[in-house]
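**Q**
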Amino acid sequence: MTAPSEGKTVATNSQEVTASKRSRRSWWSLLLLTVLLAAGWWVLSGRGRAPKTKPAPPPTPVFAQPARKGDVGVYINGLGSVAPQSTVTVKSRIDGQLMEVLFREGETVKRGDLLAVIDPRPFQVQLAQAEGQMAQDLALLKNARIDLQRYRQLWALDSIPKQQLDTQQSLVRQYEAAIKIDQGQIDAARLQITYSRITAPIGGRVGLRQVDAGNIIHANDENGLVLISQLQPSSVLFPIPEDDLPPVLAKLKSGVPLQVEAYDREAKQKLATGSLLTVDNQIDPTTGTVRLKALFPNEDEQLFPNQFVNARLLLETRRDAVLVPSSAIQRGPQGTFVYLVKADRTVTVRPVTPGVVQGEDTSIASGLAEGELVVVDGTERLREGSKVDAKKRPAR
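Going left to right, the sequence shown walks through residues -6 to 389 as the working numbering numbers them.
1) With distances taken between CB atoms, is the gap from A109 to Q178 smaller than 8 Å?
2) Three Cβ pairs or more, each shorter than 8 Å: is that satisfied between the region 187 to 196 and the region 94 to 107?
3) In the DSSP output, what is N70 paired with across the bridge?
4) Where R338 and D313 are concerned, what is the direct C-alpha to C-alpha distance, given to the nearest angstrom?
5) Return helix, strand or coil for D277, following the three-state DSSP convention.
6) Using the DSSP secondary-structure output, state which residues sit across from K155 in a beta bridge.
7) Is there contact between the region 291 to 304 and the region 220 to 232, where contact requires at least three CB pairs shorter than 8 Å?
8) Consult DSSP for V283 and reduce its assignment to one of helix, strand or coil.
9) Reducing DSSP to helix, strand and coil, say where F289 ends up.
10) Less than 8 Å between C-beta atoms, sequence neighbours within five positions excluded: which residues of the same chain meet that for R384?
11) Tell me the rounded alpha-carbon separation between L245 and I357.
12) Rounded to the nearest angstrom, how far is the Cβ of A260 from that of A287, given a contact under 8 Å?
13) Whole beta strand (DSSP E) runs in the region 315 to 372 with 3 or more residues, listed along the chain?
14) CB-CB under 8 Å to L242, same chain, minus the five flanking residues each way: which ones, in chain order?
15) Can you say whether N208 is buried or exposed, counting buried as having 16 or more other CB atoms within 10 angstroms of its CB?
16) So which of T266, V283, Y188, L147 has the shortest CA-CA distance to V274?
17) Can you tell me where the beta strand (DSSP E) with R198 in it begins and where it stops?
18) When burial is assigned at 16 or more other CB atoms within 10 Å of the CB, is R61 buried or exposed?
19) Taking the Cβ atom as the reference point for each residue, do I186 and L91 lie within a distance shorter than 8 Å?
20) Which residue comes first and which comes last in the beta strand (DSSP E) that contains R190?
21) Taking just the CA atoms, how far does A336 sit from E254?
22) Taking one C-beta from the region 366 to 375 and one from the region 318 to 326 each time, how about it: are there three or more such pairs within less than 8 Å?
23) Pick helix, strand or coil for R311, following the three-state DSSP scheme.
24) Go through its chain and collect everything with a Cβ distance to A43's Cβ below 6 Å, but skip five positions before and after it.
25) Name the one or two DSSP bridge partners that P54 has.
26) Are the Cβ atoms of V65 and L251 separated by less than 8 Å?
27) Can you say whether K290 is buried or exposed, counting buried as having 16 or more other CB atoms within 10 angstroms of its CB?
28) So, with DSSP's three-state summary, where would you put P239?
29) With burial defined as no fewer than 16 other Cβ atoms inside 10 Å of the residue's Cβ, what is the status of I87: buried or exposed?
30) In whole angstroms, give me the CA-to-CA distance for V331 and S359.
What follows is the structure in structure tokens.
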């Protein structure tokens, strides 16, 4: 009975050994699978890849221009108005009916041109009456002088009293005085006839007609017949700050002519070029400005009375100044600067001192030399050392 029991024990041990081997194989398989899965996750997540070098950013595209030399003007600006050299309201000197208007509105007339005619007949009648009265008084004077000559002869013969001779002499003097009065009336009547022909007192452009032919006009009519403005030459009155007055006065005292340019209201179109004529004799205390007067030939009549213009007084011209487009000038905490393009196509910050602004350009007082390349467009994307692809800005 012992033998079978031992056989069962051996069989049982053999089964246990086999199961233990299978368990170990399963454990190793599970471990291998876990390692493979972890390795796959490592590779797929990119952690197992070799680190790559970050590519350099592309150069920043910008427009650049070299600094150049040129002449720049130092100007004093002021908003002014045009004043004609002379302005006259043409009025009648006599009362009467306006018979003819001989001018066209807006035309240019010369001094002495006939503008209108007033009915002269009433004054011609007055002239005829004055001339008739003078003829009568001349006849009376002639007769009185003949009588006076006779009275002198009779008085010499002691035939008449001295009083009668004196009376006759007084009568002659009265007629002589009457002749002078008559002559004055004749001259007045002739003058009235002259006034019936209204002529231009100055040369210039006539305005709009204020009265039509056929109306009765008077010497005291406020509006008159028409307004004449002398536009050639014309003046421009404009104020400048009192701080700018000393250099202007110095130029005037030295006899240096100062050029003045007149631009339109928007300061874009130049209308005329003239010269400074004079400076007012007082400063306006409310504005701190002084008025200047410039004279313009105005041959093309671009300036009209009371027109608002931007006046630019050229104080001096600076020769061979370094100029860059104003868009190249940048401002930061450290002051004004430009981005300078170097030979290696990088930019560096160059501090500069800006000077006079002329149009779209600004002169550089210090910090920049002729020919140095500066960025004029695209500066908002730059910093010290930035790589750039610089191109010349197209003409505007």
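Note that CB positions come from ideal geometry on N, CA and C, so glycine has one too.
**A** Looking at the atomic coordinates:
1) Sequence index remark: in the sequence shown, residue 109 carries index 116 (1-based). Sequence index remark: in the sequence shown, residue 178 carries index 185 (1-based). No, Cβ-Cβ distance for A109 and Q178 is not below 8 Å.
2) Taking one beta carbon from each stretch, the region 187 to 196 and the region 94 to 107 have 3 or more pairs nearer than 8 Å; the two touch.
3) By 1-based counting over the sequence shown, the position of residue 70 is 77. According to DSSP, N70 bridges with R305.
4) On the sequence shown, residue 338 is found 345 positions in, with the first residue counted as 1. On the sequence shown, residue 313 is found 320 positions in, with the first residue counted as 1. In this model, R338 and D313 are separated by some 28 Å (Cα to Cα).
5) Position 284 of the sequence shown, counted from the start, is the residue given in the question as residue 277. Per DSSP, reduced to three states, the secondary structure at D277 is strand.
6) Locating residue 155 in the sequence shown gives position 162, where the first residue counts as 1. In the DSSP assignment, K155 is bridged to no other residue.
7) The region 220 to 232 and the region 291 to 304 touch, with three or more beta-carbon pairs separated by less than 8 Å.
8) To locate residue 283, count along the sequence shown from 1; it is residue 290. In this structure, V283 counts as strand in the three-state DSSP scheme.
9) As a first step, residue 289 must be located in the sequence shown, where it is residue number 296. DSSP places F289 within a strand segment (E or B) once states are collapsed to three.
10) Sequence index remark: in the sequence shown, residue 384 carries index 391 (1-based). Correcting the residue type first, residue 384 is Lys in the shown sequence and not Arg. For K384, where only same-chain residues beyond five positions count, the Cβ hits under 8 Å are P54, V55, F56, A57.
11) Taking the sequence shown and counting its residues from 1, the one referred to as residue 245 is at position 252. Taking the sequence shown and counting its residues from 1, the one referred to as residue 357 is at position 364. Approximately 28 Å, taken between the alpha carbons.
12) Here residue 260 is taken as the residue at index 267 of the sequence shown, counted from 1. Here residue 287 is taken as the residue at index 294 of the sequence shown, counted from 1. The Cβ separation is near 16 Å, so there is no contact.
13) With a minimum length of 3 residues, the continuous beta strand (DSSP E) runs that stay inside the region 315 to 372 are 323 to 325, 328 to 334, 340 to 344, 346 to 351, 354 to 359, 366 to 370.
14) Walking along the sequence shown from the start, residue 242 turns up at place 249. Scanning its chain for C-beta atoms nearer than 8 Å, with the 5 sequence neighbours on each side dropped, one finds around L242 the residues V272, in chain order.
15) Locating residue 208 in the sequence shown gives position 215, where the first residue counts as 1. N208 should be labelled exposed.
16) As a first step, residue 274 must be located in the sequence shown, where it is residue number 281. For clarity, residue 274 is Asn in the given sequence; the question names Val instead. Out of T266, V283, Y188, L147, V283 has the C-alpha closest to the C-alpha of N274.
17) Translated into the one-based positions of the sequence shown, residue 198 becomes position 205. Taken as a continuous stretch (DSSP letters only), the beta strand (DSSP E) holding R198 covers 197 to 199.
18) As a working note, residue 61 is residue 68 in the sequence shown. Here R61 is exposed. Its C-beta has fewer than 16 other C-beta atoms within 10 Å.
19) Walking along the sequence shown from the start, residue 186 turns up at place 193. Walking along the sequence shown from the start, residue 91 turns up at place 98. No, these two residues do not count as a Cβ contact at 8 Å.
20) For the purposes of this step, residue 190 is taken as residue 197 along the sequence shown, with counting starting at 1. It spans 190 to 192 - the beta strand (DSSP E) in which R190 sits, taken as one unbroken run.
21) Mapped onto the sequence shown, residue 254 falls at position 261. Mapped onto the sequence shown, residue 336 falls at position 343. Taking the CA atoms as reference points, E254 sits about 43 Å from A336.
22) Yes: the two stretches touch, three or more of their Cβ pairs being nearer than 8 Å.
23) Within the sequence shown, the letter at position 318 stands for residue 311. When DSSP states are grouped into helix, strand and coil, R311 belongs to the strand group.
24) Mapped onto the sequence shown, residue 43 falls at position 50. Below a pLDDT of 50, predicted positions are generally treated as unreliable, and A43, at 49, falls in that range; the measurement from the model is reported next regardless. Within the same chain, A43 has no close Cβ partners at all.
25) Start at 1 with the first residue of the sequence shown, and residue 54 comes out as number 61. BP columns for P54 point to D382.
26) As a first step, residue 65 must be located in the sequence shown, where it is residue number 72. As a first step, residue 251 must be located in the sequence shown, where it is residue number 258. Taking 8 Å as the Cβ cut-off, V65 and L251 do not qualify as a contacting pair.
27) For this step, residue 290 is matched to residue 297 along the sequence shown. First, the residue type needs correcting, since residue 290 is Pro and not Lys in the sequence shown. Flag for P290 reads exposed.
28) As a working note, residue 239 is residue 246 in the sequence shown. Correct three-state label for P239: helix.
29) For the purposes of this step, residue 87 is identified with residue 94 of the sequence shown, where counting begins at 1. The residue is buried, with at least 16 neighbouring Cβ atoms inside 10 Å.
30) Looking up residue 331 in the sequence shown gives position 338. Looking up residue 359 in the sequence shown gives position 366. Rounded to the nearest angstrom, the gap between the Cα atoms of V331 and S359 is 12 Å.
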